[in-house]
Amino acid sequence: MDLTETAGEQEFRAEARAWLEANVPPEPLPSFDTEEGFRLHREWEAKLFEGRWSAVSWPIEYGGRGADYLHWLIFEEEYWRSGAPGRVSQNGIFLLGPTIIEVGTEAQKARYLPAMASSAEVWAQAWSEPDAGSDMASIRSRGTLSEDGTEWILNGQKIWASRAVWADWCFGIFRTDPDSVRHKGLTFILIPLDSPGVTVRPIAQLDGDTGFAEIFFDDVRVPVENTLGGVGQGWGVAMATAGFERGVSLRSPARFNVAVERLIKLWVDIGDPDDDTMRDAVTDLWMQAEGYRLHTYMTVTKLLEGGSVGSESSINKIFWSEMDLRAHELAMQLLGPDAERMDGPYESWVDGFLFSLSGPIYAGTNEIQRNIIADRVLNLPRA
Amino acid sequence: MDLTETAGEQEFRAEARAWLEANVPPEPLPSFDTEEGFRLHREWEAKLFEGRWSAVSWPIEYGGRGADYLHWLIFEEEYWRSGAPGRVSQNGIFLLGPTIIEVGTEAQKARYLPAMASSAEVWAQAWSEPDAGSDMASIRSRGTLSEDGTEWILNGQKIWASRAVWADWCFGIFRTDPDSVRHKGLTFILIPLDSPGVTVRPIAQLDGDTGFAEIFFDDVRVPVENTLGGVGQGWGVAMATAGFERGVSLRSPARFNVAVERLIKLWVDIGDPDDDTMRDAVTDLWMQAEGYRLHTYMTVTKLLEGGSVGSESSINKIFWSEMDLRAHELAMQLLGPDAERMDGPYESWVDGFLFSLSGPIYAGTNEIQRNIIADRVLNLPRA
Amino acid sequence: MQFSFTPDQREFAAGLREMLEREFTASHLRAVWDEHSGHDSALWLRLADMGVLGMMVPEADGGLGGDFIDTILLIEELGRAAAPGPVFETMTVGALALTGSRWAPGIADGSVAVTTALTGERYVPHAASSTVLLAAVGGEVRAIECADLGQATVDGIDRGRRLSAVGWAADRAVDIDVDIEFLVDAGALASAAYLLGLSSRMLAIAGDYARDRRQFGQPIGSFQAVKHLMADALLQVEFARPAISRAAWSHATDQLSRARDVSMAKSLASDAAQKAARSALQVHGAIGYTWECDLQLYMKKAWALIPAWGSASFHRRRVADAVLGPRLNG
Amino acid sequence: MQFSFTPDQREFAAGLREMLEREFTASHLRAVWDEHSGHDSALWLRLADMGVLGMMVPEADGGLGGDFIDTILLIEELGRAAAPGPVFETMTVGALALTGSRWAPGIADGSVAVTTALTGERYVPHAASSTVLLAAVGGEVRAIECADLGQATVDGIDRGRRLSAVGWAADRAVDIDVDIEFLVDAGALASAAYLLGLSSRMLAIAGDYARDRRQFGQPIGSFQAVKHLMADALLQVEFARPAISRAAWSHATDQLSRARDVSMAKSLASDAAQKAARSALQVHGAIGYTWECDLQLYMKKAWALIPAWGSASFHRRRVADAVLGPRLNG
């Protein structure tokens, strides 16, 4: 065990920091859940790509740096400390990308990864359906083969598709065996959002912006080449993706360390230094964020040494989502009546609070995660 | 609404206070979960009875004062403030007694109530069975009628029977219809613990004392006159009793108000006055105890005005048990390493902590209570 | 000792509840949001006609001459409906401060809406839709006609509560001779009762959803995780209720324990509302996170009122001072 | 940067775990309780033979010359078994304080057990069954042969940990030249690792019971209430673990952040153990409240160690001072 950084790691950190200092926009960009903001975030992603910082953990030939998880974590720390914009490319680069690299054909890798890395093509996820939320296996959207067997004909509806309002492509799973139930007979398919028959209906969220959307599929035709992984293997492919999402990449520790640093600054600026209750609460949060950072470094070292992350990713998901919510609830407490104002100096805290409320819900509710932990980590009997 | 006490209420309070000041033992009695302690507590109950304070809410003819709930609460406040001993008679006077008054025959009232009020006969409860804990309806102990129809012949096993080690009688429900399942075919029966065929096996609890016991029934014969309520009506009778137990009488607010007053004193004596976190925690507990007192006064007024307590009693059970545990956990925190010592100046806190851990478990676990609240108060669908 | 409301008090509250369920549904509230007015004149006049607004206004001024005990259940019902505008402020703080003034009759007949800036807030709610502002100036209470205010309106998280930065010429302010702490306690207590109503409504909305929404082949309300989440929230709400009733009595009868009792009420009500909002949202899942879902209308009002009239921790400290004695380092 | 243990370190811990599962079961522990000795000589010598006790003793003194990183997983395993006697105190505080002293070889060969009174405790654990006491006197460390102690033994909640009030003649005490904070951090860190093991054991016992015990026609572990209770406890345990490993590195390599890292570890480990004990007991229901149930053997040890070596709040304040700067009013 050695927690000091190697010369190589320090060099990599320094390179990332230097580039970010030179390139991060001085002013925060408008939310990427607005049209203007989405465009500006896409431009930022293009600049990241030029610096080869958009997908550091990808192989070099696809625009990455072949960085291992440890270097990825270092980059993430520098990225969030620099105050750089949120990643509008997240669904692609952190969720779909690694899955394509894992199970995709060479043709698919060549076709999708570079455009994903440069955000020439931004991806939306299309996991849920109106009746398949927590119960994701009850997917109803259908995919049927065209008579000549060259195309999937897609029908149905997806919901809570983040980024879908302005994205170019989406990915999701469809029931391609009409007689199948639950996890069987599902296929993972990649779909251009400008395909005839696709209708995207934005859904306004708690803050009024449209961060996600419903997607309706009405005889949408896509080539069978858009199948990721085997026909009927969709559930396994999706779980690999979702597992990775919850596991390491969805929420790197750095953003929480930075959030807690901001909370500490807020406490120093407006808190009562003499109030131990708030002091202890802020300290607890620092310990949680630090604990999450250490936990991730340990997980990542385990992966580097050939281990694998399994259901423990559910433990991470509960931990970061509740920590993030708690941090923002504390900020609201510190702000008092000023927390009621939507615009103004504390806008980012109020927005952050609203967003943090979605943490225990998306990427699988924390109730579902607790079930997974109980069933697979604690080996308690299934209900 | 008028929260000031009437002259009559003040008079009653003064009378109770005066009697208690004159009669409460100067030294605390040994635990009634010891043989010596049980005897001394029985003597104390006899003295209470002489003063007609043992069962204030009972009708006068059975040794009570016919006091309404409000006066009962006032007495309880004075009782716990005076530092008087715990009530070894509790299962009888607060649980079984009111049920006998409600559903018993005149003969049963005359036979059982006076001896119960004077603690000439102390009662144990015998609710649970090894396979009927939270799932109380899966009672297996059987009662069969003798050929001449004059006696119940009881066989089976009860467990967690509090006071049973030194008590004279116990009450419980038995399956008297062999073909019945769940809540049907059960009968509520009163049994002398010295009956041939009764074996009481003490169970040592967390503190080493034997507060409860297993009771084995091997062809135990009791007259059919010992049936309380109708044959096959046992579940309803038991629920009335258990409902009352959880509802108001099992844990009157006064003992928690007194416990929190002791906690405040402990904080004043050994706490860091400058530590807001502990100060806030102690204040929260004061508010909880006060809230519980107010809630009980409101419930009691509702009863006096002809209302009834239903499943809300489950709300009380969760509230007092978690409040009591929290108060003792805080005391343990305040005591620090001194909390490790079993005897010595803080013994009562350590004993109290261990006992408080049983609160969320007995009289129906808090998980069961939450189900009841969800099903009957929030009207959520049954599982 | 009698800790209950009279049949009259309960029936009046029940009547108000029926009226609001019929005439001020979530879609009415949404309409107020959409116009961004933060006010509903029709509802306001309806409440005046029913005698709700004038409950604490003396009969001589056209009110019902009731006290806080007569009023507290009404405010809970207004909270259940998230009635917009400075409704509890007008009914309680306004009525108590402006008794005998030229504004008092207007409170009863609905022509005068009273908003407040008594706790040093940077932004005044409802100033744009009110008649009179009661403001604290150097520990004294002043009344200013809102028409005389300079106002800059900003967005609040609750669209049923518009916020303004305000200013006024000193010569337009009228002295009001009333103890400011008495008024602040009235506002804190009223906001606690309003929060209690909001909490019940949020749990009711979550209960409807949990009965209706099916996953894994059964209503989600049949899962223990949902049952216990909601049961714990209900627990906090139920134990805040009697504290609020008692505080109403303490305020109405001016008990020595008034400050302690009001602070206990606001502290418990704020914590219960925080918990109810959080639990109701979690029960809904993603749908609760949408603008379309009515839950947000009540949740955001709760978030606005929890820090108003003194935060839970401010009030907890006030209780601590009363129960444990003042804090050493002040 | 490499945040993991070597295969050797993991295998040594695994071997210790197997030995303890085989040779020191709950019934062995119960036997120690029944004879009220608070010590198990056979186990002690077994641990010496394996090299566990001497892990941090220099090779020159017959130890393995390891550091805290080599030792931390072993202490977790000893905690999982609730090994009695001053085992982690001897392995860490004792080895670090007595290096080069006449006692050092005895730590490695099992003939010397070291107990401590370095944090102002009123009662010294294990004094009756130890060889040497390390005590703080005016900020300095002294070593006293336990044979030279006047002792009055009292009952502790954990029968695997006897308590004594002690006294000694000043001339029997030997000066030990080592920084007392360094030793206290060692004890706090070791107790955190031991608590981590205890927590895992309590959850394992609760898991076995939840799989085995049936109510309402199914194992209680299939109910969400039980699943989620245990999942939340596991969460705290899993996030305490890396903090403890990191603190072992900080202590072994004497980082500037040692105090902060050790305090974070003890604070998280104490909270996790409190939660694990509470949850495991609740899962058991009434049976968990009995003397017969093995859970109590581990639960009571946890309750004894949570306040030892500085409470969770003491350590939280220490972290706060490092992260937020010192508290104004000291």
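Protein chains in written order, with the working numbering: chain A, 9 to 391; chain B, 9 to 391; chain C, 4 to 333; chain D, 4 to 333. In this text, a Cβ means the ideal position worked out from N, Cα and C, and glycines have one as well. Being a predicted model, the structure only gives us computed values, none of them experimental.
Out of the options, which one is the CA nearest neighbour of residue i?
| i | options | result |
| --- | --- | --- |
| A:Ala262 | A:Gln296, A:Thr291 and A:Pro231 | A:Gln296 |
| A:Ala145 | A:Pro281, A:Asp10 and A:Gly240 | A:Gly240 |
| C:Ser194 | C:Pro329, C:Ala275, C:Gln12 and C:Ser44 | C:Ala275 |
| C:Ala146 | C:Ser266, C:Val115, C:Arg164 and C:His42 | C:Val115 |
| D:Ala279 | D:Leu237, D:Glu24 and D:Leu46 | D:Leu237 |
| B:Asn31 | B:Thr12, B:Ala54, B:Val317 and B:Val385 | B:Ala54 |
| C:Ala305 | C:Glu62, C:Val35 and C:Leu284 | C:Leu284 |
| C:Met323 | B:Asp282, B:Asp76 and B:Glu159 | Here the sequence assigns Ala to residue 323 of chain C, which means Met is not the residue at that position. With distances taken between Cα atoms, C:Ala323 lies closest to B:Asp282. |
| D:Ala234 | D:Arg217, D:Ala250 and D:Ala213 | D:Ala213 |
| A:Asp41 | A:Ala115, A:Ile199 and A:Gly219 | A:Gly219 |
| A:Glu222 | A:Val206, A:Leu214, A:Pro231 and A:Asp215 | A:Val206 |
Which term fits residue i, buried or exposed, when burial requires 16 or more other beta carbons within 10 angstroms of its beta carbon?
| i | result |
| --- | --- |
| D:Phe219 | exposed |
| B:Pro368 | buried |
| B:Val449 | Examination of residue 449 of chain B is not possible in this model, given that chain B is present from 9 through 391 alone. |
| C:Ile78 | buried |
| B:Pro34 | exposed |
| D:Ser132 | buried |
| B:Glu298 | buried |
| D:Arg164 | buried |
| A:Gln18 | exposed |
| D:His39 | exposed |
| B:Met350 | buried |
Suppose you measure from the CA of residue i to the CA of residue j; what does that come to, to the nearest Å?
| i | j | result |
| --- | --- | --- |
| A:Ala175 | A:Ala132 | 6 Å |
| D:Thr293 | A:Glu337 | 41 Å |
| B:Pro36 | B:His49 | 10 Å |
| C:Gly333 | C:Arg321 | A caution first: C:Gly333 carries a pLDDT of 46, below 50, which makes its placement in the model too unreliable to give a value. |
| B:Ala289 | B:Pro38 | 31 Å |
| A:Ile167 | C:Leu232 | 26 Å |
| D:Gly18 | A:Asp332 | 39 Å |
| A:Ser136 | A:Thr113 | 26 Å |
| B:Ala134 | B:Asp143 | 15 Å |
| B:Gly242 | B:Ile147 | 11 Å |
| A:Asp280 | A:Arg287 | 9 Å |
| B:Glu86 | B:Leu28 | 8 Å |
Return yes when the Cβ of residue j is within less than 8 Å of the Cβ of residue i, no when it is not.
| i | j | result |
| --- | --- | --- |
| C:Gly190 | C:Arg83 | no |
| C:Arg33 | C:Leu300 | yes |
| A:Leu302 | D:Ala246 | yes |
| D:Glu184 | A:Ile323 | no |
| D:Gln12 | C:Phe226 | no |
| B:Ala339 | B:Leu271 | yes |
| C:Leu136 | C:Ala120 | yes |
| C:Trp171 | C:Gly159 | no |
Interface residues of the segment 264–292 of chain A facing chain B [CB-CB below 7 Å]: Asp283, Asp284, Thr285 and Asp288
Against chain D: residues of the segment 361–373 of chain B by CB proximity under 9 Å: Those residues of the segment 361–373 of chain B that come within reach of chain D (Cβ to Cβ, closer than 9 Å) are Phe361, Leu362, Leu365, Ser366, Pro368, Ile369, Tyr370 and Thr373.
Selection of the segment 31–60 of chain D by Cβ proximity to chain A, strictly under 7 Å: Cβ proximity to chain A below 7 Å picks out nothing from the segment 31–60 of chain D.
Members of the segment 219–231 of chain D that neighbour chain C once the beta carbon cut-off is set at 7 Å: Phe226, Gln227, Ala228 and His231
Within 8 Å of chain D by C-beta, residues of the segment 196–213 of chain B in sequence order: Ile211, Ala212 and Gln213
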